[in-house]
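Just below is one structure, and these are the notes that go with it.
In the working numbering, the protein residues as written are -12 to 1069.
Shown next as C-alpha cells:
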C-alpha cells in the first residue's frame, strides 16, 4: 500500500497539549487522556509513502525553459565532520551521514553512495538509526520541519512526524526496544517530544530548557527515563502514569559548588544514576538531581584533556570519548559506588584501558556494530575521518583503521583540470586533495603546515599536460604543485597501487596575510595573486614563476579576474571587500625597475568606489506604488460616476479632501560599505557586482570612470544599471560561474542553494540585459545555516558541475539527463615532467613568519646599503690611520731635532678655531641630549625622592658597631620613626603631668596641715577619731573638689598612654632579640 494517508488517519495533537515547564519540574499529560471519546484510526504496518511525494526537488519559475532535471546529483566527496553527531551505522559496510540537504548512505567497501533528500529543502538537523537497523529517522530543519522515518535497506519513506518543533530538530533517539522516539528542537521552543512513531502520534511533549539543548537519550535499562543536556544544564526526565494520565516530569540538575559546564556527553547507569562529562574533562556522577562526586584521574589529573563528547555504557563497561582523541574504559563498579572523601568532592580513579588515536584526532561520537559476530566501533573524527575501532582491549585487538578521510571544516576553494575529470580542493585543515569525479574517488592528498585559502588549476596554455595547480595559504605563501601518474616515471612502472602523486614544484611568499585570490592571464604569461594585506602581486610565467612587482589596493582583495580574450586590452579586475573595484593593465617584466623594490608605483590604475543606491531605488518604487494607487483610485471613481450616469442618477461633484500621505522614507546610506562578494567583466571597462549586507538583492552594472585624479577614498561611484534578483535581499549571491559551451549562469547563494539562470546567448557575445534574469532554476544543496557556497565550477566539457560549501561538503552533478549521459568517463592522470625523477625535492617555507618577497628584497637592499656604508667607513678609517701614522712620524722627527729647532705642539695645529668649533658642537650635542632627557630626568628624580621619603626617611637611624680585628659588624634593626605629631602630643602631655603633679603635692601638704591642726584641738582619742571618720566615709560619699577629680581623670589617661608605650617598646625589644638570634644563626 503506497500513497498519502487520509487526513484524519493521524490527528495533530500538538494544539491540545499543555506545556507546564518551570525551572525544576514539568508535567505534561498525554493527549489521549484528555479526549478519550475520540477513536483514532491506526496506520497499517504495510503503509508507505512514495519517495517522489516526500523529497524536495528542484524548483523552477513558471516561464523558464530549464528542465527540472537540469542537474542530477552524482556524488558527495565531503563530510560535515564538525557536527556534534553525524554518523550512523546501518550494517558492517554501510555508514550514513548528513551532507547538506541530503543523507548519504555509503558502502565503505565499494564506495557506492545512495542519497536521500530532505522533504522540505530546509536542511537536516539529525539522523539516528533504529536499534534493529531496519529503520532510520531523519530530523529536518526549516519552518515546521518533519521527522521522516525510512526503512532500510529499501530506503522508502515509512512515517512522517509533524509538529514537534518550530524551526529545526537538533537530536533524536530511539528507546531500547525501538517503539518510541524522542526528539528535541532548537530555538525558540526547545521542545522535547516523545513519539509513538509508527502511529505518527505525539505521546508527550515539554519545553526542555530555555537555552540550547544538545542531546536527548533514553535510559537503556528503564525506558521511562530520559536525560537531556545542553548549554550549562542537564535535566532528568521521567514518564509517570498518574491519576490524570501519563505525564512527563523533568528535574533540573544542580551543580552546587561545581562550576557550571555545558553537558555534551552523558549516560544513565542501570541503577538510575547518571554520569556526564564536563568542558574541563572530568566526569560528574549525578544522583537525585545533585552531583554526588566529580571523578578525575590520580593526582587530580582530568579524565580527558578537553571536553568529554560522549559517554557509553555497553555490556557492563563505561566508555568516555574525548575531544583529545582518547577513548577510556572505566571500572563501572568504582564509578557507581564512588563517595566523596573530602570537601573538594573529587574522587581519583584510574582507567582500566585506553585507546589514543593520534595527535591530530578529535572524537565527537562512536557507535557500535557487529562484524562477523565481532563487535566493532565506528568513530567520527572532527579532523576529517571515520575510524573503525576494536575496543576489546585484548591480545587479539585490531589496530585502529581510518576507513575514510575528508577535509575538515569549510572548503575554501575548488578548481577543475582543463583536460580531464580531475578536481582539486583545499581547506583550512592544511591539506590539498585531488579527486577523480569520473570514477568518484580520491586519488591524492598533500599536507602542509598552514591552511589553504585559494586554489586554481593552471590553464592549458601554461601547462599543456594539465597537471599544474597554484595554491594560496593563510600565511601568504603560494605553492605551485603538480599532479602526475607515478607509473609513468622511468623505473617506477611497478607502482600499481598509487593512482597519482603530488609534487611541490615551487614555493614563494608574496604576501604577509592570507592569499584570497589567484588568476592566470588568458595568454598564460602573467600570474596574479591577491591577499588580505591589500596588495596584488604579479609574476612572469617561465620555467619558474619570476616576480614582476606588486601594487597596493584600497582594501583586502576579494577576487581577481582577467579580462576575456574578446577585449582589446588585457586588464585585471580587482574586487576588494570594502566596496572598491580596481582595474590595472598587465605589467610586463623588465619594464619596471625592481632593483630596490618590487612596488610598482606608475602602473595606470582606475578606481570604482561603490556608493549605495538601494535606498534610492526603494524610494522610487515607493513613489511609483503611490502614484499607481492614486491612478487606480481615480479610475475607480470615474468608473463609478459613469455607472451612476448610466442609471440616470445625478452625481454631485464633491471635492473630497484626500487623506494626508505618510512622508516618504529618507535616503539611507550604510555607515560601513557593503562588502563585495563576487563580480565579473562585461564590456571593456564595465563589470557586474554582487554585494552583501544592506545592498544585497541586485546585480549592479558598474563602469570605471576616466577621472582618476580624485582620491579613491573620497569617490562616490554609482552603478548605472541594476538587475533585481528575486528573493536575495537576505540571501545574497556569493559565487557566479558560467558554462563555456551552454548559455547558463550558475549562482551560489548564502543559504547553500544553487541557482541556474538561462541566458539568451553566451555571456561573451552581448552580456547581460535587465530582463534576462527573471526566470531561474533553484535547488537547495548545501546546509541552509552554514553551507554558504564557496566555489562553483564546470568540468572542461560542461558535462559536470561541482560545488563546495562552508559545511565541508563537495558535490558533483551531471548536467545532462541520464538518457543523454554516456558511460562513466575515463580519467587520464597527467604524465610527469621530463627529468622529474632526477630533481631534488623543493625546499618548502615552513616558518609562518618568514620574509615575504618584498621584505626579503628590502632586507637585501638594506644589507647592501649597510655594506656600502661600512666599506666607505673602512676606507675612511684606513685614510685616517695613514694620516695618524704620518703625524706620529713627524712628531718623532721633531723630537730628534735640537731643542732650539723643535716646534711646539701648538704649532702643529693648523687652525685653533677647528678645535674650538668641535668643542662647541660637542657642547651643543650634550645640551641637546640633556634637553631631550630633561622630562625623563625630572620624572626619575621625583620618583627617587618619593621612594626615599617613603622607605628611607621614615626610618630611625641605625647604630652600627664594627669589629676591630675582623670585618664583622652588627647593626640595630631599622624602625619607623615616631611621627612629629605624636612627639608634640607626648611632650604636651608630659608638661601637663608635671603641672598636675605640683598641684597634687601642694594639695596633699595642705590636707596634712589641716589634719595636724584638727588633731591638736580635738579631745577625743586618735583611734575613735579614725573610726568615726571611716564610718562617715561609708555612710556618705566624700565630696571632692573639682580640681581633684580632674587631676585623677588626667592621671588615668596618662597612665594608659604610658602602658601602651611600654607595651609597644616591649614588643620592639622582643623583635630585636629575635632578629639578633636569627642573625647569630646565620
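Glycine included, C-beta positions come from ideal geometry on N, C-alpha and C.
A quick note: this is a predicted structure, and the numbers were derived from the prediction, not measured.
- Checking the DSSP bridge columns, you'll see residue 890 has no partner listed.
- Under the three-state reduction of DSSP output, residue 1056 falls in the helix class.
- Counting along the chain, residue 602 sits inside no beta strand (DSSP E); it lies in the alpha helix (DSSP H) bounded by residues 601 to 633.
- Listed as beta-bridge partners of residue 738 by DSSP are no residues whatsoever.
- For residue 460, the enclosing beta strand (DSSP E) starts and ends at 455 to 460.
- Residue 193 carries a strand assignment under DSSP once its states are collapsed to helix, strand and coil.
- Out of 415, 894, 114, 919, the CA that lies nearest to the CA of residue 85 is found in 114.
- Within a 10 Å sphere around the beta-carbon of residue 144 sit 16 or more other beta-carbons, which makes this residue buried.
- Judged by their CB atoms, residue 207 and residue 163 are nearer to each other than the 8 Å cut-off.
- Scanning 678, 54, 136, 239 for the CA closest to the CA of residue 182 turns up 136.
- Annotated three-state conformation of residue 708 is strand, per DSSP.
- Residue pairing from DSSP places residue 283 in a beta bridge opposite 335.
- Put simply, the backbone Cα of residue 650 is about 16 Å away from that of residue 616.
- By the C-beta criterion, the region 769 to 778 is judged not to be in contact with the region 37 to 45, since fewer than 3 inter-stretch pairs fall below 8 Å.
- Rounded to the nearest whole angstrom, the CA to CA distance from residue 399 to residue 546 is 13 Å.
- Its Cα nearest to that of residue 795, the residue 395 stands out among 395, 494, 883.
- The C-beta distance from residue 185 to residue 30 rounds to 7 Å, short enough to meet the 8 Å contact threshold.
- Residue environment for residue 109: buried (at least 16 other C-beta atoms within 10 angstroms of its C-beta).
- If you look at residue 112, you'll find it in the beta strand (DSSP E) that goes 111 to 116.
- Taking residue 60 as reference, the option from 87, 83, 623, 719 with the minimal CA-CA separation is 87.
- If you draw a 10 Å sphere on the C-beta of residue 905, you find fewer than 16 other C-beta atoms in it, and that means exposed.
- From the listed residues 514, 590, 232, 148, the smallest Cα separation to residue 539 is found for 590.
- Contact annotation: the region 705 to 715 does not touch the region 783 to 802, with fewer than three C-beta pairs closer than 8 Å.
- Taken through DSSP and simplified to helix, strand or coil, residue 410 comes out as strand.
- For residue 298, the enclosing beta strand (DSSP E) starts and ends at 295 to 301.
- Considering only 543, 985, 551, 738, the residue with the shortest C-alpha distance to residue 569 is 543.
- Excluding the 5 residues flanking it on each side, residue 332 has same chain C-beta neighbours closer than 8 Å at 244, 245, 278, 280, 281, in chain order.
- A distance below 6 Å between beta-carbons, with the five flanking residues on each side excluded, links residue 46 to the following residues of its chain, in chain order: 765.
- By the 16-neighbour rule on beta-carbons within 10 angstroms, residue 178 is buried.
- Residue burial annotation: residue 918 is exposed, with fewer than 16 other C-beta atoms found within 10 angstroms of its C-beta.
- Put simply, of 516, 664, 248, 269 the residue whose alpha carbon is nearest the alpha carbon of residue 737 is 664.
- Under the rule that a run must span 4 or more residues, no alpha helix (DSSP H) segment is found entirely inside the region 789 to 874.
- In the structure shown, the three-state DSSP call for residue 74 is coil.
- DSSP, read as helix, strand or coil, puts residue 448 in coil.
- Boundaries of the beta strand (DSSP E) harbouring residue 227: 220 to 229, taken from the DSSP string.
- Per DSSP, reduced to three states, the secondary structure at residue 351 is strand.
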